[in-house]
Amino acid sequence: MKWLGYIWIGILLIVTAISIPQCLYTGEEGSFFNMTGQQSALDPMGPIAQNQANIFYITLWVTLFLFITVGGALAFAIWKFRVRKGDDPNYIPPQSHGHPLIEVGLVVASAALLVVIAIPTFGGIILKKKIPAEFEADAIDVTVTGYQWWWGFEYPEEGIHTANELVFPAGRAVRLSLRANDVIHSFWLPKLAGKTDLMPGQQNMMWIKADEPGYFWGQCAEYCGDSHAYMLFRARALSEEDWEAWLASQKRKTVVGGADYTPVAITESAEDLDTELIKHGTELFVENCVRCHSVDSMIQTSGPNLAHFGSRSSIAAGWLENNAENLAHWILNPDQVKPGNFMWAGFPDPNDPKAVQMEGLKDANLTKSDVDALVAYLYTLK
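Here the sequence shown is numbered in full-length UniProt numbering, starting from 1 and rising by one per residue.
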């Protein structure tokens, strides 16, 4: 029945030959073993991510060494001491128990390999928690708040509130104060840093720094409810000049205060716009949306801040590209896009879990023309 063993070995080799290319294929056309995907931690773009990638490779080489030495010794023993034709089937090799030198050597070698991994790991933990002195002087502060299922970003020194897109200057450290509004979330921006949990009632800290301007994709990495998979965000590192321009634009008012809280669109090409449609959208926004949202970046609200919404690259917490078709679908069918979200179901009353403090869009009875008007209004917020 020896031939059965050869058949199984052949099957194993075929499966391995098929599986390895599948594991290395990245999904991009004609691309194998490409480590530069949008959320690849093996394509670091900042000092924290680079340090963590270095630790990963150290661990990889140590485990590869162990695999080769232990697996090689096992393969050698299996081949060297295999049963040969003519061997006595009742033969039992001399029995022995232990070898002090080998046992002590294995323990010492194992401990040494653990130390090789542990030293850079502890160094990485310290680095992630504390900004180095050379980056401290011009570091900026951002408070990150995790909600079900979106992100709030506050710039306390500037008094700015925004949502789902973290903007910061490239080449400067960003100190992130992390907290959760409801359940545990986890902030993960793979190309700039590893994961850090956001805990209700507790503030955690980490920092990031982008080597160059660009877009970076992040997400929540801790299961937090029905739409956890849709809790994404984007980070945008800007040149110093663009950063100053962004700050100035965020501080520019997009609402006029008053008892009736009437939003006023600011646009560079008002003559090209359908003013009647925008006016209707403004009225609908005041009637249905201002209970949870603001279009003033200096105001914090229970829902995502929508100031300068028209200049953002994504909607629905990074899940959809920001275009008119997606926005209309998001407003008209938010529960299809992100199941369980409060924009559809209503904001719960903290004093009565079965009651709704603020009604959602399911009770607003918006028509297609209403949605078109809201879309037109929101895109005037540049």
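For glycine and all other residues, C-beta sits at the position ideal for the given N, C-alpha and C.
Predicted, not measured: the structure shown is a model, and the values here were computed from it.
Quiz item: Based on Cα-Cα distance, which residue from Lys251, Leu332, Tyr91, Arg291 lies nearest to leucine 381?
Solution: Lys251
Quiz item: How many Å lie between glycine 303 and histidine 293 at the Cα?
Solution: 5 Å
Quiz item: With a CB to CB cut of under 8 Å and the five nearest residues on each side skipped, what residues in its chain are close to glutamine 50?
Solution: Pro44
Quiz item: Helix, strand or coil: how does DSSP classify threonine 380 here?
Solution: coil
Exercise. Compute the Euclidean distance between the alpha carbons of phenylalanine 216 and arginine 172, then round it to the nearest angstrom.
Key: 15 Å
Quiz item: Looking at threonine 145 and arginine 179, is the spacing between their C-beta atoms short of 7 Å?
Solution: yes
Quiz prompt | Assigned exposure category for valine 83 - 16 Cβ within 10 Å defines buried | solution = If you draw a 10 Å sphere on the C-beta of valine 83, you find fewer than 16 other C-beta atoms in it, and that means exposed.
Self-check item: Local conformation of valine 371 per DSSP, three classes
Solution: helix
Self-check item: Reference aspartate 141; option with closest CA among Ile208, Ala53, Ala77, Leu366
Solution: Ile208
Quiz item: In or out: leucine 164 buried (at least 16 other Cβ within 10 Å) or exposed?
Solution: The sequence given here has asparagine at residue 164, not leucine. Buried, because 16 or more other Cβ atoms sit within 10 Å of the Cβ of asparagine 164.
Self-check item: Segments assigned alpha helix (DSSP H), at least 4 residues, entirely inside the stretch 129-169
Solution: You should have 133-136.
Quiz item: Okay, do the stretch 180-196 and the stretch 219-228 touch, 3+ Cβ pairs below 8 Å being the bar?
Solution: The stretch 180-196 is in contact with the stretch 219-228.
Exercise. State yes or no: is the C-beta of glutamine 39 within less than 7 Å of the C-beta of glycine 124?
Key: no
Quiz prompt | Assumed close pair tryptophan 149, tyrosine 57 - CB separation to whole angstroms, cut-off 8 Å | solution = Not really, about 34 Å apart at Cβ, beyond 8 Å.
Quiz item: How many angstroms separate the CA atom of histidine 329 from the CA atom of threonine 275?
Solution: 22 Å
Quiz item: When the distance is taken between beta carbons, is leucine 189 closer than 7 Å to glycine 159?
Solution: no
Quiz item: In the DSSP assignment, what are the bridge partners of phenylalanine 204?
Solution: Looking at the sequence provided, one finds asparagine at residue 204 rather than phenylalanine. Looking at the DSSP assignment, asparagine 204 forms a beta bridge with Leu178.
Exercise. In the DSSP assignment, find the unbroken alpha helix (DSSP H) run with phenylalanine 56 in it and report its ends.
Key: 47-80
Quiz prompt | Helix, strand or coil at alanine 41 according to DSSP, with G and I counted as helix | solution = coil
Quiz item: Is the stretch 323-342 in contact with the stretch 237-247, if contact means three or more CB pairs nearer than 8 Å?
Solution: No: fewer than three Cβ pairs fall under 8 Å.
Quiz item: Got a sec? Which residues, its chain only, sit under 7 Å from aspartate 226 by beta carbon, not counting five neighbours each side?
Solution: Around aspartate 226, the same chain offers Pro339, Gly340 as residues with beta carbons nearer than 7 Å, after the five sequence neighbours per side are excluded.
Quiz item: At what residues does the alpha helix (DSSP H) containing tryptophan 319 begin and finish?
Solution: No alpha helix (DSSP H) holds tryptophan 319; DSSP gives it neither H nor E.
Quiz item: Would you call the CB atoms of phenylalanine 285 and tyrosine 377 closer than 7 Å?
Solution: yes
Quiz prompt | DSSP state of serine 314 mapped onto helix, strand, coil | solution = Serine 314 carries a strand assignment under DSSP once its states are collapsed to helix, strand and coil.
Quiz item: Candidates Gly318, Ser313, Val371: which alpha carbon is nearest leucine 332's?
Solution: Of the candidates Gly318, Ser313, Val371, the one whose C-alpha sits nearest the C-alpha of leucine 332 is Val371.
Practice problem: Report the three-state DSSP secondary structure of methionine 231 (helix, strand or coil). | Solution: coil
Quiz prompt | 6 Å Cβ shell around glutamate 212 - same chain, five flanking residues per side excluded | solution = Closer than 6 Å at the Cβ level, and outside the excluded window around glutamate 212, lie Ala170.
Exercise. Give me the Cα-Cα distance between threonine 301 and methionine 206, rounded to the nearest whole angstrom.
Key: Linking threonine 301 to methionine 206 through their CA atoms gives a straight-line distance of about 25 Å.
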